[in-house]
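Here numbering that gives the first Met the number 0 is used: position 93 in the sequence shown is 92, and no number is missing along the way.
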Amino acid sequence: MKRILINELVENEESKISGFASKIRDTKYMIFVILKDRTGSIQVSLDKGTQEELCKELDGVIAGSVIEFEGKMVLSEYVKQGGKEFIPSKVNVLSKAEASPLEENANIDTRMDYRWIDLRSEKNQLMLNVQSTFVEGMREHCYKEGFTEIHTPKLIGAASESGSDVFEVKYFDRKAYLAQSPQFYKQMALASGLERVFEVAPCFRAENSNTNRHATEFTSFDIEFAYIDSFEDVMDFEEDLIIAGLSKVKERYGDKIKELFDKEVIVPTKPFPRIKLEDLYKELEKRYNYQIPEFDVGDMNAEAEGLAYKYAMEEFGHEFIFITDFKKTKRAFYHMRKNDIPQGFDLIWRGAEITSGAQREHRYEELKKQCDEKGLTKDVEFYLQFFKYGCPPHGGFAIGVDRFNMLLLGLSIKEEMFIFRGPNRLEP
Ligand code: ATP
0 MKRILINELV ENEESKISGF ASKIRDTKYM IFVILKDRTG SIQVSLDKGT
50 QEELCKELDG VIAGSVIEFE GKMVLSEYVK QGGKEFIPSK VNVLSKAEAS
100 PLEENANIDT RMDYRWIDLR SEKNQLMLNV QSTFVEGMRE HCYKEGFTEI
150 HTPKLIGAAS ESGSDVFEVK YFDRKAYLAQ SPQFYKQMAL ASGLERVFEV
200 APCFRAENSN TNRHATEFTS FDIEFAYIDS FEDVMDFEED LIIAGLSKVK
250 ERYGDKIKEL FDKEVIVPTK PFPRIKLEDL YKELEKRYNY QIPEFDVGDM
300 NAEAEGLAYK YAMEEFGHEF IFITDFKKTK RAFYHMRKND IPQGFDLIWR
350 GAEITSGAQR EHRYEELKKQ CDEKGLTKDV EFYLQFFKYG CPPHGGFAIG
400 VDRFNMLLLG LSIKEEMFIF RGPNRLEP
């Protein structure tokens, strides 16, 4: 007999189901097993009087075990689990579990030690499925818009971007580095003639910081596309991409997210508000008496991001806000500049940065100049070559997938990631 899923069970039809036993209750006359698969759960009821042999199979079997049952689903008004129960005629214990070391209210670090058990909860299953659905929605949008998915190397020969916060690895008799982002290679793809590319892949950052929003390895949804007129085109595309991702999440899981996380999935309207950094500073000062510290002038910091969100909600009733016109010393050398202003943006959502994006400098001479200015030319020699033999104007951005999902569900990044990696965490 072929296994069927719990939500496919038909009354009185001989069927086979299997899953984790999330609860086993052994009473005087009955044994009740709550069996869970990816579609839901059902109570399996065994009568000790009439099903003695079957009950024996469950001797010493505790919650966490994986069990297969053959039998029939029947309707019963006494059963809480959706008025349905499963009456087995065969029991097959596929994997006998030991008692879970994870207590119900364990702290996040203990939960991470036993992450695979922790992830079995309904909330965590939803969390992972929401992330998958968000990426699915964005992927579909990219395919629809003529994008090609690429896979760039994560082992690289030169420290990308700035040289700081890069992980160094031993690579035979030389050094290699773990890619901080696919930035250079997605641009190379455009110089290769692909006009629109995306990648969903890990980024590595040797940032020794313990915040609720940084991991040393995270997943980035990266976009780069050619023949843009300005970075406005890049922001326009990001709006559509996020709307596609969130619409899919809302449609599939909106109600469940409300129920389990008490969070509303709001599909944003277009256009998202856009504001220049200088103007934002003025608003933050006027409204919240906030002044950006000297060190961060020309850029944002966590506090300013929180207030920018507050401002967007108050002024525009919008959860998203693009911030533009950062200072050139605070932006990557490869951002195109006009009148000395980097043609890029950050996107803030629910109090945190979820994206940086820009039109890139595709003119070799200009790019080299900007590189020299930051003293990086030697490090990025190979990258500069990409622009020597023809490259269309282009731009792009990266959305931190974990960062996004964490804000969507109101979690910390440790709670949100499938397996978190931080300065003190390399296991499991
Ligand atoms: P932050 O200022 O938050 O450290 P960043 O400016 O270093 O971010 P980018 O290099 O622009 O970020 O990366 C693009 C996106 O990737 C960010 O907007 C964010 O969503 C995500 N991201 C960046 N660093 C991390 C990290 N350490 N952990 C999780 N997500 C990250």
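We put the beta carbon where it would ideally sit given N, CA and C, even for glycine.
Could you pull out every residue in the same chain whose Cβ sits closer than 6 Å to the Cβ of residue i, ignoring the five residues on either side in sequence?
{"i": "F166", "result": "L177, F203, A205"}
{"i": "R2", "result": "K15, S17"}
{"i": "G244", "result": "F133, G136, M137"}
{"i": "K269", "result": "E238"}
{"i": "E216", "result": "P201, F203, R420"}
{"i": "I320", "result": "P272, A307, A311, I347"}
{"i": "R195", "result": "G145, F146, F224"}
Given residue i, which residues of its chain have a CB within under 7 Å of its CB, disregarding the five upstream and five downstream residues?
{"i": "Q342", "result": "S229, F230, H334, M335, R336, A357, Q358"}
{"i": "C370", "result": "F332, T376, V379, L383"}
{"i": "E263", "result": "K257"}
{"i": "N207", "result": "P422"}
{"i": "E282", "result": "Y310"}
{"i": "G399", "result": "F217, S219, I353"}
{"i": "H317", "result": "P267, F271, P272, A311"}
Would you say the beta carbon of residue i is closer than 7 Å to some non-hydrogen atom of ligand 1?
{"i": "R24", "result": "no"}
{"i": "D401", "result": "yes"}
{"i": "H213", "result": "yes"}
{"i": "I412", "result": "yes"}
{"i": "R204", "result": "yes"}
{"i": "F271", "result": "no"}
{"i": "A397", "result": "yes"}
{"i": "F419", "result": "no"}
{"i": "E148", "result": "no"}
{"i": "T446", "result": "Nothing about residue 446 can be reported from this structure: the residues present for the chain run from 0 to 427 only."}
{"i": "F344", "result": "no"}
{"i": "T354", "result": "yes"}
{"i": "F217", "result": "yes"}
{"i": "S180", "result": "yes"}
Throw me the rounded Cβ distance for the residue i and residue j pair, which I believe falls under 8 Å.
{"i": "I33", "j": "I61", "result": "Between I61 and I33 the Cβ distance is about 12 Å, and since that is not below 8 Å, they are no contact."}
{"i": "M126", "j": "K413", "result": "Contact flag wrong, Cβ pair sits at about 12 Å."}
{"i": "E223", "j": "H361", "result": "With 8 Å as the limit, E223 and H361 do not qualify as a contact, their Cβ atoms being about 11 Å apart."}
{"i": "F385", "j": "M234", "result": "Not really, about 24 Å apart at Cβ, beyond 8 Å."}
{"i": "Y363", "j": "K387", "result": "5 Å"}
{"i": "M299", "j": "I322", "result": "7 Å"}
{"i": "I5", "j": "G39", "result": "5 Å"}
{"i": "H150", "j": "E198", "result": "7 Å"}
By Cβ distance below 8 Å, which residues in the same chain neighbour residue i in space, the five residues on each side in sequence not counted?
{"i": "L406", "result": "W348, R349, G350, A351, I353"}
Using 8 Å as the limit for Cβ to Cβ distance, is residue i near chain C?
{"i": "G136", "result": "Although the question refers to chain C, the structure presented lacks it and comprises just one protein chain."}
Unbroken stretches of the alpha helix (DSSP H), 4 residues or longer, contained in the stretch 87 to 154: 107 to 112, 114 to 117, 121 to 143
Secondary structure, alpha helix (DSSP H): runs of 4+ residues fully inside the stretch 226 to 265: The stretch 226 to 265 contains these whole alpha helix (DSSP H) runs: 230 to 260.
Runs of alpha helix (DSSP H) wholly within the stretch 301 to 383 (minimum 4 residues, chain order): 301 to 315, 363 to 372
3 or more residues per run - each beta strand (DSSP E) lying fully within the stretch 1 to 49: 13 to 25, 29 to 36, 39 to 46
Segments assigned beta strand (DSSP E), at least 3 residues, entirely inside the stretch 176 to 235: You should have 195 to 203, 216 to 225.
Unbroken stretches of the alpha helix (DSSP H), 4 residues or longer, contained in the stretch 265 to 300: 276 to 287
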